[in-house]
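There are 2 protein chains.
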Amino acid sequence: MISPFHTIRWIGGIDGHLILLDQTRLPVENVYLDCRTVEDVWQAIRRLAVRGAPAIGVTAAYGVCLGVKPGRSIDEVCDYLATSRPTAVNLFWALERMRRVGQVPRDPPIDEAYGGSRGTRHTLQERLLAEARAIHDEDRQQCAAMARFGADLLADLPDGAGILTHCNTGALATGGDGTALAVIFELARRGKRPYVWVDETRPLLQGARLTMWELQQRGIDATLICDSAAAQVMREGSVQAVITGADRIAANGDTANKIGTFSVATLAQVFGIPFYVAAPATTFDLSIASGREIPIEQRPGEEVTNGFDKPTAPADVNVYNPAFDVTPAELIAAIITDRGVVRPVSEDTIHAATSV
Amino acid sequence: MISPFHTIRWIGGIDGHLILLDQTRLPVENVYLDCRTVEDVWQAIRRLAVRGAPAIGVTAAYGVCLGVKPGRSIDEVCDYLATSRPTAVNLFWALERMRRVGQVPRDPPIDEAYGGSRGTRHTLQERLLAEARAIHDEDRQQCAAMARFGADLLADLPDGAGILTHCNTGALATGGDGTALAVIFELARRGKRPYVWVDETRPLLQGARLTMWELQQRGIDATLICDSAAAQVMREGSVQAVITGADRIAANGDTANKIGTFSVATLAQVFGIPFYVAAPATTFDLSIASGREIPIEQRPGEEVTNGFDKPTAPADVNVYNPAFDVTPAELIAAIITDRGVVRPVSEDTIHAATSV
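Just so you know, the protein sequences line up as chains A and B, in that order.
Using my numbering, the first residue of the first sequence is number 3, and each one after it goes up by one.
Using my numbering, the first residue of the second sequence is number 3, and each one after it goes up by one.
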């Protein structure tokens with residue numbers, strides 16, 4: 003079943019523009035943002051109009067296409083886009099791929115690309131757009147591969163098994179059908195009737211607003227809970243597996259993901275429920291040894307105290323609002339990637355899987 | 003320091019009325035509700051204008067004073083008020099005390115109280131009001147006693163120690179200064195400079211709206227977090243103790259409290275952080291053996307999907323919204339009561355403490 007919305011869509015050729023579904027307005031309104039400058043794209047990423055590690059990567063790649071112009075180099079544009087959000091490594095990975103488009107010597111020489119003749123610039127821009135499209139296409143394929151590997155891994159779950167998830171990891175979070183949620187979609191496609199428990203995912207309610215919306219559209223049974231009710235649902239025996247996405251995975255398997263993921267993973271271990279992560283190889287950052295080195299984005303306290311245009315706490319209170327936390331590898335039963343399942347999760351198995 | 007608001011205030015004599023601070027409007031507005039009928043009181047309890055187990059008990063006692071009239075017996079009024087909320091046992095305990103006012107043979111005989119002469123009715127109503135005032139006064143004293151016992155128990159915490167709490171257990175939740183929060187107030191009064199981590203407490207945000215407000219008013223350092231961030235804050239080593247209130251404690255020590263308490267208690271155990279409950283003896287229900295018998299109130303899904311006067315989930319989704327969960331006794335390091343500290347928590351120690 004094809005999802006009836008477009009998270010990220012490039013319209014036209016090299017002089018085209020980027021259309022993003024404004025996820026801050028969901029599920030109340032389907033509003034599309036028309037991004038015609040790299041600044042538009044930076045803003046869209048920063049204010050979470052588009053979010054989800056793979057989707058951020060794809061969006062940033064298209065953002066480079068909008069930003070590179072005579073007098074504005076690829077590096078300059080990539081450096082700028084890299085400041086939009088700090089944690090999801092897919093952003094930096096996609097920008098690195100875009101940078102390399104400019105670094106490969108070509109005929110005509112790359113020097114001419116900047117401020118050169120119009121024809122030369124177009125050539126670079128064509129290559130940039132082709133690369134962004136390739137990143138987008140590959141992400142779609144990676145989603146499909148994760149869905150298959152994940153559904154194979156969870157094939158032994160009984161029909162109607164409860165699967166708990168946190169945040170949004172579906173078609174809204176990727177260039178394709180999703181990471182963790184795509185696994186659930188694939189289980190449903192195979193007739194397993196998964197029953198999904200959806201953490202609302204404070205402060206920005208990506209679970210309530212986005213995951214419930216995607217599941218509803220696909221007709222998959224789901225129940226929304228407050229994040230703090232996950233322990234109770236687990237205790238009631240309603241959860242047979244937990245699956246989430248990832249924003250960055252260190253070489254040892256420590257995984258940064260939406261704040262609350264570490265809580266869910268810890269509780270899952272207490273209750274003997276397997277905790278799975280689904281993420282494409284682009285989410286691994288082998289340059290860092292462990293989760294301690296993953297920079298954690300601190301978001302404004304207003305997301306907690308004024309998140310819905312209404313004050314929900316006294317003015318001027320201290321708020322600690324990390325956007326992510328890090329789940330240590332030892333809590334993760336397996337990482338489902340587009341190249342196969344990493345299990346057990348260790349430096350060696352990750353190295354083997356990502357060097358395929 | 004005296005809190006500058008009145009949670010529950012009876013105005014006048016037996017023909018008086020009840021003023022409640024409407025907690026659903028906090029912290030944006032200080033609005034007082036004027037309850038002149040028992041129906042007003044029932045509504046105030048049901049829609050959480052007044053909440054917190056001890057405060058519900060005190061409020062219900064005054065509600066009986068408003069409800070008993072010629073042609074409307076104490077039992078009738080108590081049966082009605084008992085339907086307002088199911089979990090907090092203080093409600094039923096307070097109503098039972100009010101019922102007994104009507105059961106004790108007096109001169110003039112109690113029979114005359116119903117539909118009897120005006121003088122006779124006044125006599126019953128005077129006794130009812132005296133009993134409600136006694137319940138209120140005792141609750142104040144119980145709060146003070148818990149604060150002292152709790153601060154003694156936590157006396158070894160270093161200055162500036164982090165204490166995590168969930169929901170609201172202060173002067174807004176009781177007839178006095180609070181249960182768990184009163185312990186923190188007392189630590190501050192003794193110069194210990196507690197640093198409080200406050201779970202916002204979805205869905206109704208009693209932590210963000212009410213606890214942060216009370217702590218701010220008393221000048222106690224506090225930081226607000228999303229419920230799902232508690233695990234991360236614990237891992238960072240910022241929490242030296244967790245303390246919450248209770249809505250009902252079974253004979254074996256299993257404790258019903260705001261949804262999310264069980265999650266926090268489980269995480270505290272994982273991190274080796276002591277988890278304490280503070281509750282007056284009136285919160286114990288020795289008639290039930292374990293937490294399995296505690297009825298858990300299911301609240302409307304709209305609290306989760308529309309809690310900010312704005313839809314935060316698609317229409318017509320399933321929601322599981324239990325107002326409470328049960329923390330098993332084995333996760334509770336000690337229960338701080340107005341009669342002393344129950345530690346370890348077991349049927350024997352509870353029996354001994356509550357039969358003092």
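Where is the CB? At the ideal position from N, CA and C, for every residue including glycine.
On a predicted model such as this, the values are computed, not experimentally measured, just so you know.
Spatial distance of residue i from residue j (CA atoms)
i: aspartate 249 of chain B; j: valine 185 of chain A; result: 40 Å
i: alanine 291 of chain A; j: alanine 252 of chain A; result: 6 Å
i: threonine 167 of chain A; j: valine 198 of chain A; result: 7 Å
i: valine 344 of chain A; j: isoleucine 338 of chain A; result: 6 Å
i: valine 103 of chain A; j: serine 230 of chain B; result: 41 Å
i: proline 297 of chain A; j: glycine 247 of chain A; result: 17 Å
i: glycine 178 of chain B; j: aspartate 161 of chain A; result: 52 Å
i: isoleucine 227 of chain B; j: asparagine 323 of chain A; result: 7 Å
i: glutamate 359 of chain B; j: valine 279 of chain B; result: Outside the displayed range of chain B (3 to 358) lies residue 359 of chain B, so it cannot be described from this structure.
i: threonine 9 of chain A; j: arginine 192 of chain A; result: 25 Å
i: isoleucine 47 of chain B; j: phenylalanine 151 of chain B; result: 29 Å
i: glutamate 31 of chain A; j: phenylalanine 7 of chain A; result: 12 Å
i: glutamine 105 of chain B; j: threonine 257 of chain B; result: 31 Å
i: threonine 238 of chain A; j: arginine 204 of chain B; result: Threonine is not the amino acid found at residue 238 of chain A; the sequence shown has glutamate there. About 20 Å.
i: aspartate 311 of chain A; j: alanine 281 of chain A; result: 33 Å
i: glycine 303 of chain B; j: asparagine 254 of chain B; result: 31 Å
i: leucine 159 of chain B; j: leucine 189 of chain B; result: 10 Å
Close beta carbons around residue i, own chain, < 7 Å, minus the five adjacent residues each side
i: glutamine 25 of chain A; result: Leu50, Ala51, Val52, Arg53, Leu174, Leu212
i: tryptophan 95 of chain A; result: Gly59, Thr284
i: alanine 233 of chain A; result: Leu269
i: aspartate 113 of chain A; result: Note on aspartate 113 of chain A: pLDDT 46, under 50, position unreliable in the model; the coordinate value appears next. Once the five neighbours on either side are set aside, aspartate 113 of chain A has no close Cβ partner at all.
i: leucine 155 of chain B; result: Ala336, Ile338, Val343
i: leucine 130 of chain B; result: Val66, Cys67, Val70, Met100, Val103
Assigned secondary structure, residue i (DSSP; H/G/I helix, E/B strand, else coil)
i: glutamate 114 of chain B; result: Its pLDDT being 48, under 50, glutamate 114 of chain B is placed unreliably by the model, and the measurement read from it follows with that caveat. Three-state result, glutamate 114 of chain B: helix.
i: tyrosine 197 of chain A; result: strand
i: cysteine 228 of chain B; result: coil
i: isoleucine 16 of chain B; result: coil
i: leucine 155 of chain A; result: helix
i: threonine 356 of chain A; result: helix
i: proline 324 of chain B; result: strand
i: arginine 38 of chain B; result: coil
i: glycine 342 of chain A; result: strand
i: valine 266 of chain A; result: helix
i: isoleucine 275 of chain A; result: coil
i: glutamine 300 of chain A; result: strand
i: aspartate 256 of chain B; result: coil
i: glycine 177 of chain A; result: coil
i: valine 30 of chain B; result: coil
i: valine 91 of chain A; result: helix
i: isoleucine 47 of chain B; result: helix
i: proline 206 of chain B; result: Correcting the residue identity first, residue 206 of chain B is leucine in this sequence and not proline. Leucine 206 of chain B: coil per DSSP, three-state reduction.
Interface flag, residue i vs chain A, CB-CB below 7 Å
i: threonine 26 of chain B; result: no
i: glycine 262 of chain B; result: yes
i: serine 230 of chain B; result: yes
i: alanine 233 of chain B; result: yes
i: leucine 226 of chain B; result: yes
i: serine 292 of chain B; result: no
i: proline 302 of chain B; result: no
i: alanine 190 of chain B; result: no
i: alanine 90 of chain B; result: no
i: phenylalanine 310 of chain B; result: yes
i: serine 265 of chain B; result: yes
Close beta carbons around residue i, own chain, < 8 Å, minus the five adjacent residues each side
i: glutamine 218 of chain B; result: Ala224
i: proline 29 of chain A; result: Arg211, Leu212, Met214, Trp215
Residues near residue i in its chain [Cβ-Cβ closer than 6 Å; skip 5 each side]
i: leucine 183 of chain B; result: Thr171, Gly172
i: glycine 69 of chain B; result: Val40, Val79
Below-7 Å beta-carbon distance, residue i vs any chain B residue
i: arginine 220 of chain A; result: no
i: methionine 214 of chain A; result: yes
i: aspartate 327 of chain A; result: yes
i: proline 316 of chain A; result: yes
i: tyrosine 197 of chain A; result: no
i: threonine 268 of chain A; result: yes
i: leucine 207 of chain A; result: yes
i: arginine 53 of chain A; result: no
i: phenylalanine 187 of chain A; result: no
i: alanine 163 of chain A; result: no
Check: residue i C-beta below 6 Å from any heavy atom of the ligand GDP
i: leucine 83 of chain A; result: You won't find the ligand GDP in this model; it holds no ligand whatsoever.
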